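Here the structure comes first, spelled out in structure tokens, and everything after it is commentary.
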Amino acid sequence: MLKTRKFEAVFVALFLLVAGMSLSAQTNYKIGYLPSTIGQALTKAWGVGIDNALKAAGNPPAIALDAMMKAETQVSMMDDLINQGCNLIILQPIDAAALTASVKKAESKGIPVITLNTDTLAPHFACVTMDDFGAGAMIADAVGKQLGGKGNVAIIQSPPGALAGVNREKGFRATLAKDYPNVKIVGAQNAEWDKNKAIAVMNGFLQANKQLDAVFAVNDNMAEGAAIAAESAGRHVLIYGFNGQMSTLAQIEQGKVTGTAYTNAYDQGATAAKLALQVLKAGTKTFTKTDVVIVPPFLATKDNVGSIPASSRW
Amino acid sequence: MLIASRRRLILIGLLLAIGAALSLLSRSFLTLDNLMTLLQEASQTGIVAIGFTLVLITAGIDMSIGAVIAVTAMVCANFLTYTHIPAALFIPMSLGVGLLVGAFNGFFITRFKLPEFIVTLASRGILAGLALIIAVKDSMGFVSNVYIQDPVYLSFGGTIGPVYIITIVFFAMAFLTQSFLKRTRAGTNVYATGANPTAARLSGINTKRSIYGVYMFSGFCASIAAIFISSRMMTAMPDFGIGSEMDVIASVVIGGTPFTGGVGDIWGTVLGTLFLALIKNGILKLGISPYVQPIAIGGIIVVVVILDVWYKSYAEGQARRSARRARESDSRSAAA
Amino acid sequence: MKFDRAKVQRLIADSRLFIILLLLGAILTILSPRFLTIENLSNVLWSVCLIGIMSSGAIYAPVTGGIDLSVASNASLSGIIAYELMNVGHMHWVLALAITLAFGVLIGLVNGVLTTKFRVPAFIVTMAAKTYLFGFAMLVSNGATITIMGPPQFLAIGVGKFLGLPIPIYIMLVMIIASHILLKHTGFGRKAIAVGANEVAAKLSGVDPDLTRMIVYSISGVTASVAGIVMASLTQQAYAPNASGYELDVITAIVVGGTSLMGGNGSVAGALIGAVMVGFINNGLNLMNIPASYQPLVTGVVILLALILNQGIKMPAFLRLLKRA
Amino acid sequence: MSEQKEESGLLLECRGINKSYNGPMVLTDVDFSMRHGEIHALVGENGAGKSTLIKIITGVTNRNSGTMRFEGRDIGLEHSRHAAQTLGIAVIYQELSLIPGMTVAQNLFLTKEPRFRMVRLIDIRKMNAMAQEIIDCYGFHLKATDIIDHLSIAQRQTVEILKALNSKASLVIMDEPTSSLTSTETSQLFDIIRKLKEEGIGVLYISHRMEEVYNLSDRVTVLRDGRKVAVLDEAQIDPAEIIRLMIGRRLEESESHHMLSRRDGEKVLEVEHITSERKFTDISFSVHAGEILGIGGLVGSGRTEVLRALYGIDPIDSGSVRFFGKPWTPGVAQSIRTGFGFIPEERRLQGIMGAISITGNIGITNLDTIRKSLFVSDRKELSLARKAIGLMNIKPADPAVPVGNLSGGNQQKVVVGKWLIRDLKVLFVDEPTVGIDIGAKEEMYQTFAQLSAAGVAIILVSSDLPELTRLSHRILVLRKGRVIKEFAEGEVTEEDVLRASSGLVEGGAK
């Protein structure tokens, strides 16, 4: 019995401490931010963009949760944000189909949802996207031009079923097939978004293909990994990434990475936040069609990368 | 017996204490919606944990449960996209996945005496791959997850009154499994197999059968969970459940079932899962940075298990002392 | 003559695993002409070096009948700590790495104390550690993906080359050899094995099981953080989930290497072979450009076969069993 | 060998049993018979074929040829454990076959739990009641709901026996039942066995303890090298004779006289008023070089605890210890370094590392001698191992075999051997010959004699009274953690020691 009281003491202490933090979070709008994982440059940058925009409008920062790349976790966290009575949720769906139900549920309870990059199957308030498919196509175009419409290309993939990566790859493949029939895709392997794994995968490509002209990695991390592998093998390969995170921009300047599809993630986040505040002021609750806001990425290469100011590097 | 039930009471006390603390600290904790979600989360882990408990009682371990969820979900997805077989028919079939995997594990464990951990870890890999291979693909050959609309299938994600069906099923399964363990010969055999295999064999128990049984049941439970998860999310993904093993293990161990086998029961596991779900759910409510949340969860798990171990050793020490005293007096009287 | 045969048989038995590895290599060579080249093999070694380094220390937990699931989180955290010390704290890189390793030891020691002094099962302790270390990593890195721009000496650790081979390979080999000697040829190694084999008997022979275990987990911790440093330097990057999931690869390597999780024996060389085996598979599939989906599947199957063969079960017998089942 | 003449109404009758596990014959043409309600002892050295015969009777393995009749019914060559059980043959195994964590009742009814008529669920209440009934009708001090873990070894054994009775056994086989019992518990067990006899149940009794065989059995069958060498009726039973039959060679009869003799070598260990909470109180004694100090007393009287404390495993609360005159605070590691040796009880649990080679088992205690600076020299270790193997003539003489694969006797030899190769000053010995065969026992005794001759002080704890009285130069008897009597000189009989252990001390010498 006495023991039990000890536990109580411990926990009460713990929660009082925590309560301190939570108390301040009770003004204006309660906005939830639920990316696929918060441990990534992109999602971090979004978060910063969102919070800055909210602060500017005198709103407390968003409640950020970490779904750790698991759709189940993200769904249950959606439920949690709903139960917490958020006014609006900014969501980067890990999977379009998997999150549709949650988005429906939220909006049925009068909580507008803004999706980032990945749309869901159900109509909701808005989707602020950098258009993965289009950007993939854009890179394919660049590669095709640089190779003069002929050569061997490999793709470093995201895990199967990871929508963002898949769409980028689809755009890339579609354009090559359409406009550059002589550019051969000699390999496509998954490196699980991971730089270290990308090194091994790239090494594989380099071994398997004595002639490899270009590599498209569906995110910057993997592009950087590919760069490391190419460098240590002493082979020259065009390497394209995706997202345009700060480190990759630097590597583009150093000439290690050829180019990337750069989006100003800060802006994207801010855009979402501004939309959020608008709709909350307007008080609209039901949405028949998703209003898609495209934050178009542009191709950052050695020539134009300098034009990206430090303030918009993330 | 007594010790176990006292430990149980302490855990319940903890549960209530934390619950109370949370409802004081967060407005949104003590709402019907939230409590029901909490139970839903707990049930999702719990259904798997029930099967896992039996494995642990035989002093084994099953790392493949997560992957079983994935494969089962994908099987259902295939039925839904490529066939017109009604859900009522193919769901029972897809539950066979878990049974098959369990038999597979049981086979390698019993026939080749391979360590359970590595066998099930291997089948985890095999299944994870399988899930991707059978995943529903689009025209370009990319995994595209179906959006399930079959009403019968979706009904599993639904509620009866405010209570989620999964929760009801969870408690029903808990009750049945518990009575199986305590009230049937097969159940007793499971304990015997875990506590002292040679002795069990000597008393004519077919330990191999018990082992096959528990792994198949564990897989079966995972498959059931898969149905509920996918119908809650209205889709099936090839990575469903993978990685959830750790939550399951934590719940079961917090529930007081040790790795050494021979002891443990389902009500403990139920409490364990509730406990873990409570912590996870509560943490989200407190507006702590998501960075701190894992620290809190990990810390609480360690603390709880430490306290449990402490209490257990203390209580058993007393039991043994009293037994020794009794014995000494007994032998004295006999000697005199 | 007879004695000789016995000797030969024992030799074969001891090198069984290596033979299995060669077998696998041979198969892959047949399937893909590109497999058997110096660069490719060195690439494979390069790709398994993190697992290899972690295994060299993590193996001691199973030897004493325990397990360490926290190595991956530990590694990620170490990378971040190293960065903070070097690039934020502007410490000399050597000092910074030394302190990082000290942290690694501390993390391991905490695991050790919790398992020995508080009698919490190692599985739970290290599983929880895996969780809260990830949290600490998030906290320290503020959830960011850190890019490490320097110092060059630090970056050289990961990508630099010596005699045409990447430095991490040398680090791995050195640590594997060191660990092998530690396990097989030092008092501590003997003590660890004894504790795993029969704690009471060991105690009566003057071994302090608790102390031994604490050292064991500290070693596991420090090697994990070496791996973390190498990883950070190799990828020029540090972030919380950096090594997540590696712990299972490590355990797989160790067990495939012939170390029982029940304790009382252990083979460091085996662990390396186990790691290389997995590396071979991934590399082979990669060379043949087989879709990623098949990698976990093939790996799983090969692991099972390797375990069975390693147990000395003859293939025909195995097939017969399969038939009967 | 005198052939047993055909009798009517034999409980069990085996004729011309042959058995070989693909290769050498383990049993050749063995005849064996049991009458209803007799206590029949089966004796023989390890490897004589006792256990094989039991295995055949209980259907664990099948005989190659020969006939078996049980209660008049023929048992075919294809015999099985299940068949044996249904026939009513029950075995009380040496390593207890109970399920820890379960209650007495659950163990009694394992696999035959009473169930409800309608639903096939176990009727726990009924089961406990039935169990309690059986317990009471044999008058044991047990509760049906007791959990096995909390019972003493003796109590667990009674549960085992109850299990046998509950399975309606008409033949109960006991393999070394007393090996882990105190003398009191042993006598309790004997009462039970006699009760079984009265019930008309045949008891086949295997033991290495001659006095038990002598006290208990109606008939004795002696096996040697897989052959039956004799069947003795009650009148003919005589320990010396049995031993002669068992090992064929006649031991010099040192068992008969137990003259104690003072050794006045240098005082190696002086113990003054040591006390340890709830273990032992105010123990004082000293051991001289070359002396074997026997410590008698019942299990739980604090004998083992004293050894453990002096060796440095458990703490001493008060009192002082002097080693060669100098004050000494025990601690396992430096105890070993300074020349202490410890041979623990319960070999399997405390003595050996079963999965490890002989070399490894010997090496771990000799790390200090085989390691230079940081590293261990395999060569030195191996030579040590070979030396130990030679000294104790351990079989097989292969340093690489895992100790777990050795016979009980040889395992114990390893445990002893690892100390012989050290420069030993004091050796603590706790129940050294439990469950090992006569031959190994003798070798063990000679080793101790040689050690003491070489000037090593030995403290011997033993429940085996002949052993204690024969080996010791001086005997302390402990009771309830105190020295209750010391036999320093003159003659001592086993009865004296036993009486003292049981607290019946004339003159209350202290």
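Residue numbers (our numbering), protein chains in the order written: chain B, 1 to 314; chain W, 1001 to 1336; chain H, 2001 to 2325; chain U, 3001 to 3510.
Where is the CB? At the ideal position from N, CA and C, for every residue including glycine.
Since the model is a prediction, treat every value here as computed from it, not as a measurement.
Exercise. Can you list, in chain order, the residues of the segment 3080 to 3097 of chain U whose Cβ is nearer than 9 Å to any Cβ on chain W?
Worked result: R3081, H3082, Q3085, V3091, Y3093, E3095, L3096, S3097
Problem set entry | Residues near H:K2007 by beta carbon distance below 7 Å, same chain, minus five either side | none
Exercise. In terms of residue numbering, what span does the beta strand (DSSP E) encompassing B:D213 cover?
Worked result: First-last for B:D213: undefined, no H or E at that position.
Exercise. For B:L121, which of W:Q1149, W:G1129, W:L1100, W:G1158 has the nearest alpha-carbon?
Worked result: W:Q1149
Problem set entry | Pick from B:T301, B:D179, B:K184, B:I111 that is closest to B:L277, judged by C-alpha positions | B:I111
Exercise. Going straight from the alpha carbon of B:T263 to that of B:V183, what length do you get?
Worked result: 26 Å
Problem set entry | Residue ranges of each beta strand (DSSP E) within the segment 138 to 199 of chain B, 3 or longer | 151 to 157, 183 to 190
Problem set entry | Per-residue contacts from U:Q3106 into chain W (C-beta, under 8 Å) | T1188
Exercise. For U:T3103, which residues of its own chain have a beta-carbon under 7 Å away from its beta-carbon, when the five flanking residues on both sides are left out?
Worked result: A3144, T3145, D3146, I3147
Exercise. Do we get a CB-CB distance below 9 Å when we pair H:S2293 with the residues of chain W?
Worked result: yes
Exercise. In this structure, does DSSP put U:E3486 in helix, strand or coil?
Worked result: strand
Problem set entry | Per DSSP, cross-strand counterpart(s) of U:N3018 | U:S3065
For this session: Could you pull out every unbroken alpha helix (DSSP H) segment of at least 4 residues lying fully inside the segment 2181 to 2232 of chain H, listed in chain order?
Result: 2187 to 2197, 2199 to 2204
Exercise. Is the beta carbon of U:S3065 sitting closer than 9 Å to the one on U:E3160?
Worked result: no
Problem set entry | Min CB distance W:T1037 to chain U below 9 Å | no
For this session: Output the boundary residues of the beta strand (DSSP E) element that contains U:G3302.
Result: No beta strand (DSSP E) holds U:G3302; DSSP gives it neither H nor E.
Exercise. Applying the criterion that 16 or more other CB atoms from any shown protein chain within 10 Å of the CB defines a buried residue, is W:Y1153 buried or exposed?
Worked result: buried
For this session: Enumerate in chain order the residues of its own chain whose CB-to-CB distance from H:Y2246 is below 6 Å, with the five nearest sequence positions on each side excluded.
Result: A2072
Exercise. Ends of the beta strand (DSSP E) at B:C127?
Worked result: 126 to 129
For this session: Indicate the three-state DSSP secondary structure (helix, strand or coil) for U:K3126 in the structure shown.
Result: helix
Exercise. Do we get a CB-CB distance below 9 Å when we pair H:A2197 with the residues of chain B?
Worked result: no
Problem set entry | Any 3 or more C-beta pairs closer than 8 Å across the segment 3167 to 3181 of chain U and the segment 3121 to 3129 of chain U | no
Problem set entry | W:F1240 classed as buried or exposed, judged by whether at least 16 other C-beta atoms fall within 10 angstroms | buried
Exercise. What is the residue span of the alpha helix (DSSP H) that U:Y3445 lies within?
Worked result: 3438 to 3453
Exercise. Within the 9 Å Cβ cut-off, does W:R1008 reach chain H?
Worked result: no
Exercise. Going along the chain, which residues of the segment 28 to 43 of chain B sit with their C-beta nearer than 8 Å to a C-beta in chain A?
Worked result: Chain labels in this structure do not include chain A; the protein chains are B, W, H and U.
Exercise. How many Å lie between B:S247 and H:T2147 at the Cα?
Worked result: 6 Å
For this session: Residues of the segment 1213 to 1237 of chain W with a CB closer than 9 Å to any CB of chain U: list them in chain order, please.
Result: none
Problem set entry | Inter-residue Cα distance where the pair is B:Q254 and B:A142 | 19 Å
Exercise. What span of residues does the beta strand (DSSP E) with U:E3494 cover, start to end?
Worked result: Not the beta strand (DSSP E): U:E3494 falls in the alpha helix (DSSP H), residues 3494 to 3501.
Exercise. Can you find at least 3 beta carbon pairs, one from the segment 3033 to 3040 of chain U and one from the segment 3200 to 3217 of chain U, that sit closer than 8 Å?
Worked result: yes
For this session: Could you check which residue in W:A1020, W:R1006, W:S1028 has the C-alpha nearest to that of W:L1354?
Result: Past the boundaries of the shown model lies residue 1354 of chain W; chain W is included only from 1001 to 1336, so the question cannot be answered.
Exercise. Is there contact between the segment 2299 to 2310 of chain H and the segment 1123 to 1139 of chain W, where contact requires at least three CB pairs shorter than 8 Å?
Worked result: yes
Exercise. Quick one: which chain W residues come within Cβ less than 7 Å of H:M2149?
Worked result: Those within 7 Å of H:M2149 in chain W number zero; the least Cβ separation is about 24 Å.
Problem set entry | From W:V1309, W:L1276, W:L1307, W:S1322, residue whose alpha carbon lies closest to that of W:G1019 | W:L1276
Problem set entry | Range covered by the alpha helix (DSSP H) that runs through H:V2088 | H:V2088 -> no alpha helix (DSSP H), and no H or E assigned at all.
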